[in-house]
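To start, the structure itself, in structure tokens.
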Amino acid sequence: MDVLNGNDPTLIWKYDKDGNERPLQEQLDRRKSDQEIAFRHIEWYSSNPLRSNALEREIAHKDRLNHLESIKADINRIEKLLKQ
Numbered sequence: 000m001d002v003l004n005g006n007d008p009t010l011i012w013k014y015d016k017d018g019n020e021r022p023l024q025e026q027l028d029r030r031k032s033d034q035e036i037a038f039r040h041i042e043w044y045s046s047n048p049l050r051s052n053a054l055e056r057e058i059a060h061k062d063r064l065n066h067l068e069s070i071k072a073d074i075n076r077i078e079k080l081l082k083q
């Protein structure tokens, strides 16, 4: 972070995926928190399946993995914006 040259990430505001204008650093922190929650969900559901049907379990697991990948993509995008 280079505050002296005006590159303070707390001063860079962009619209997030929900349409709210927030500082990029806050958006990054929120998405990292979302990523941690997604990891915990995947871990918990792997050891405590709620669905008895194997196909439904596989579909739900795939959906959780897709959600995690979406979060990772958001984190990468925000980190690139912060480095600019």
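Reading the sequence shown from the start, the letters are residues 0 to 83 in numbering that gives the first Met the number 0.
Idealized CB from N, CA, C, for every residue including glycine.
- For residue 78, the closest of 16, 20, 24 and 69 by C-alpha to C-alpha distance is 24.
- In this structure, the straight-line span from the alpha carbon of residue 20 to that of residue 51 is close to 42 Å.
- In this model, residue 31 and residue 53 are separated by some 30 Å (Cα to Cα).
- Distance between residue 45 and residue 10, taken at the CA atoms: about 40 Å.
- Straight across, the Cα-Cα distance linking residue 22 with residue 13 is about 6 Å.
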